[in-house]
Each structure stands twice: as C-alpha cells, then as structure tokens.
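A.B. asks: Number 927 in the numbering used here belongs to position 46 of the sequence shown; there are no gaps in the numbering.
We put the CB at the ideal spot given by N, CA and C, even for glycine.
Being a predicted model, the structure only gives us computed values, none of them experimental.
Structure incoming, see below.
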Amino acid sequence: MSRAAADTRFRVGRSASGLGLFVRVPFEAGDRVIEYTGERITGEEANRRGGRYLFQIDAGHALDATGREHLARYINHACRPNCEARTVGRRIFIYAKRAIAPGEELTYHYGGIYFRAFIEPAGCRCTTCTRRAERAAHRAPASSRGDRR
Ligand SMILES: [Zn+2]
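Written out as structure tokens, the structure is:
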C-alpha cells in the first residue's frame, strides 16, 4: 500500500538541506497536499527508537517514517513554510498555507521541540534563515538604511 511512492504529483530532489520534496502540480491555499504516513508506534517505542523521522501524533503515539516509501518524510523544515502539518483524528496531513507553484519545494515548521533539538544546534538552513545570515554577513558596518524587514 505505498500509493504515495508512485504519486506523480511529487518529486524527491536536491534542496539546500539535503533531499527535499518538490511538487509537479499546483496547489491552492488550504489544499490537503499529502498525508504524513509511517509506521504507527507507541510513544514508548518512539523514545526507544529515536531518529529524525518520528512524528508525534499525541501523547501516546507517533509515526515512524523511516521507510523511503513515506514521501512526506522528505519535506524539510522552514521557518516561513508554505505548508503546515495538522492532526486529523489519528492521522497527520500536510496542508498548503498558500498557493504553491509547480517546481516549489514543500516545507512546514517542524515545531519548537524538534527545532531546538535537531535544527538549531547545527543552524537552520531554510531560505529565511540562510538569507538572514547572508544579509548579516554582507551588511556594511556603517549601513543604517533602515530597510531591514
Ligand atoms: Zn529557518
């Protein structure tokens, strides 16, 4: 039952932070883009396994998307993402926060706990943070144009 793996709406490709998930078709704001699939395990088992592809559903359950057939695992974190993850019953879906054009990479915010544990220590490589770092590096010391946004 790996229907998602054959889903031609998506493409796994290179992104700034390794592999990412890109779309081949447009999505509208509010569209359900893809389900975050994975092996359903208990929170206890999740703590035992650890790893980057765990998605907590609730206090007692998590999805382990270690298998490569789980396409949504390729969606990278971004601080200003184009998608958001929502729990619907006992499943997790990724929804478009805004219109997404073919060729765009899908992103969602992984959440504060994950961010602080896995992303912040090495430095976030999302577009927003990369640009902020570049601006800071290139900003002349005397510059005070006041156009920081
Ligand atoms: Zn970031």
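Rounded to whole angstroms, how far is the Cβ of D945 from the Cβ of I922, which I believe are closer than 8 Å?
C.D. replies: The pair is a contact, with the Cβ atoms about 5 Å apart (cut-off 8 Å).
A.B. asks: In whole angstroms, what is the alpha-carbon distance linking C1005 and G970?
C.D. replies: C-alpha separation (whole angstroms): 31 Å.
A.B. asks: Nearest-angstrom Cα distance between E916 and L987?
C.D. replies: When rounded, the distance between both Cα atoms is 13 Å.
A.B. asks: Check this for me: beta carbons of Y989 and I1000, under 8 Å apart or not?
C.D. replies: The answer is no: Cβ separation not under 8 Å.
A.B. asks: Return helix, strand or coil for A862, following the three-state DSSP convention.
C.D. replies: Examination of residue 862 is not possible in this model, given that the chain is present from 882 through 1030 alone.
A.B. asks: Does the beta carbon of S1010 fall short of 7 Å from some heavy atom of ligand 1?
C.D. replies: According to the sequence displayed, residue 1010 carries Cys and not Ser. True, at least one ligand heavy atom lies under 7 Å from that Cβ.
A.B. asks: For I973, tell me which candidate among R930, A943, A982 and C1010 has the shortest Cα-Cα distance.
C.D. replies: Of R930, A943, A982 and C1010, the residue nearest in Cα terms is A943.
A.B. asks: What separation, rounded to the nearest whole angstrom, lies between the Cα atoms of F903 and T1009?
C.D. replies: For F903 and T1009, the distance between alpha carbons rounds to 18 Å.
A.B. asks: Mapping the DSSP letters down to three states, classify E926 as helix, strand or coil.
C.D. replies: Three-state result, E926: helix.
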